[in-house]
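One structure below.
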Amino acid sequence: MSEPLPYRVAVVTGATSGIGRATVLKLRELGLTVYAVGRREDSLQELTALCGARPVKADVRDTAAIVEQLCGIEVDILVNNAGILSTRASFHEIEPAEIDAMIDINLKAPMHITRAFLPGMVERKRGHLVYLGSSGGRAPYPSMGAYGPSKAGLSLFCDNLRCDLLGTSVRVSEVVPGRVQTDLYRTALAGNQAQALLYNGYRPIQPSHIATIIANVIELPAFVDVSRIEVFPTDQATGGGTMVKFEQQ
Ligand SMILES: NC(=O)c1ccc[n+]([C@@H]2O[C@H](COP(=O)([O-])OP(=O)(O)OC[C@H]3O[C@@H](n4cnc5c(N)ncnc54)[C@H](OP(=O)(O)O)[C@@H]3O)[C@@H](O)[C@H]2O)c1
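So the sequence shown is residues 63 to 311, counted in our numbering.
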């Protein structure tokens with residue numbers, strides 16, 4: 063029989079869609095009280111009705127709004143999942159505002175939210191920080207000149223945190239997926255393009271698979287930390303030997 067979880071309360075950001083939504087459902091199945099952070103009221107309400115998650119309506123860039131709504135709550139698990147890949151433009155054509163958006167949401171927001179809830183975890187010597195990295199943060203991909211660095215920064219942040227948290231019993235886990243079938247490309251590949259280009263005819267990972275991995279990582283004894291886990295579709299590999307011919311103007 064598995065040990066009872068030492069945790070009671072989880073916070074999941076980006077709960078209105080994809081991996082975040084699936085993670086909320088999974089952590090509720092584990093019997094945790096789950097605070098679901100998201101911007102879309104209707105999706106949060108639907109999630110509350112479905113599984114009893116507690117809605118926290120906020121943009122992840124607004125740490126104060128999240129802290130205010132969770133005032134007095136002892137947060138044990140923080141799943142920093144919210145993220146964007148807002149464009150697939152090459153870096154020489156990217157809108158400068160998109161650079162800021164991806165760095166702010168994918169890297170700065172998780173750092174600030176962590177900073178807000180970590181002191182309590184350290185004090186209680188109980189906590190688990192989970193981050194959604196990306197294969198795009200581990201290797202170069204075309205058209206990911208801002209997204210990739212935002213996720214690479216997040217990955218190094220996880221490693222740095224583990225150094226600082228030695229002896230506190232607070233765990234840090236980075237989950238690093240390849241292609242998962244979600245709405246991540248909703249602006250980068252508008253309309254039905256993502257479905258047509260990335261998912262139809264392929265066998266992408268589903269959000270529930272990532273949620274299961276997150277739950278498994280949490281369920282291990284507190285002295286076991288899955289520091290990083292890479293998860294790819296069996297049909298996807300990074301790297302390769304693509305080379306193009308140079309054509310003089
Ligand atoms: N799908 C993949 O292939 C893949 C691969 C590797 C890593 N990931 C990572 O997995 C994480 C989850 O993405 P997903 O694939 O599940 O995509 P998704 O379906 O687009 O979900 C992203 C979630 O983040 C939320 N979000 C974005 N910006 C936010 C903000 N400023 N404040 C609050 N919430 C915000 C979105 O809320 P709104 O509905 O309000 O926009 C949505 O709930 C991301 O960090 C992503 O980088 C995904």
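All residues carry an ideal CB built from backbone N, CA and C; glycine is no exception.
Please classify residue i as buried or exposed, where buried requires at least 16 neighbouring CB atoms within 10 angstroms.
i                 : result
phenylalanine 219 : buried
threonine 296     : exposed
lysine 307        : exposed
threonine 176     : buried
histidine 190     : buried
arginine 265      : exposed
proline 283       : exposed
lysine 213        : buried
alanine 159       : exposed
arginine 102      : exposed
leucine 259       : exposed
serine 289        : exposed
proline 269       : buried
For a test of your reading of the model: does the CB of residue i fall under 7 Å from any non-hydrogen atom of ligand 1? Yes or no.
i              : result
alanine 77     : yes
glycine 93     : no
proline 295    : no
threonine 230  : no
serine 270     : no
leucine 246    : yes
serine 217     : no
glycine 253    : no
aspartate 104  : no
serine 196     : yes
isoleucine 276 : no
isoleucine 165 : no
glycine 80     : yes
isoleucine 146 : yes
arginine 101   : yes
Please identify the residue among the options whose C-alpha is closest to the C-alpha of residue i.
i              : options                        : result
leucine 180    : Gly210, Asp138, Arg200         : Asp138
glycine 195    : Gly100, Gly114, Val234, Gln131 : Val234
glutamate 185  : Ile161, Glu136, Ala120         : Glu136
glycine 96     : Glu103, Leu87, Arg102          : Looking at the sequence provided, one finds valine at residue 96 rather than glycine. Of the candidates Glu103, Leu87, Arg102, the one whose C-alpha sits nearest the C-alpha of valine 96 is Leu87.
cysteine 113   : Ala252, Ala84, Asp121, Leu169  : Ala84
alanine 299    : Arg241, Ala252, Thr274, Asn278 : Arg241
leucine 89     : Gly145, Arg101, Arg70, Ser79   : Arg70
threonine 244  : Asn143, Glu65, Ala126, Leu92   : Asn143
serine 148     : Gly182, Ser205, Ala115         : Ser205
isoleucine 280 : Gly80, Val129, Tyr193, Val118  : Tyr193
aspartate 104  : Lys119, Ala277, Leu94, Ala171  : Lys119
methionine 183 : Ile276, Arg248, Ala250, Val232 : Val232
valine 99      : Ala111, Ala72, Glu91           : Ala72
Please state whether DSSP places residue i in a helix, a strand or coil.
i              : result
serine 235     : strand
threonine 85   : helix
glutamate 292  : strand
isoleucine 250 : Note that residue 250 is alanine in the sequence shown, not isoleucine. Alanine 250: coil per DSSP, three-state reduction.
alanine 171    : helix
threonine 78   : coil
isoleucine 156 : coil
alanine 258    : helix
valine 286     : coil
valine 242     : strand
alanine 72     : strand
Problem - Length-filtered (3 minimum) beta strand (DSSP E) runs lying within the segment 177–208 - result: Runs found: 189–194.
Practice task
Note down, one range per segment and in chain order, each beta strand (DSSP E) of at least 3 residues found wholly within the segment 89–151.
Solution key: 95–100, 116–119, 139–142
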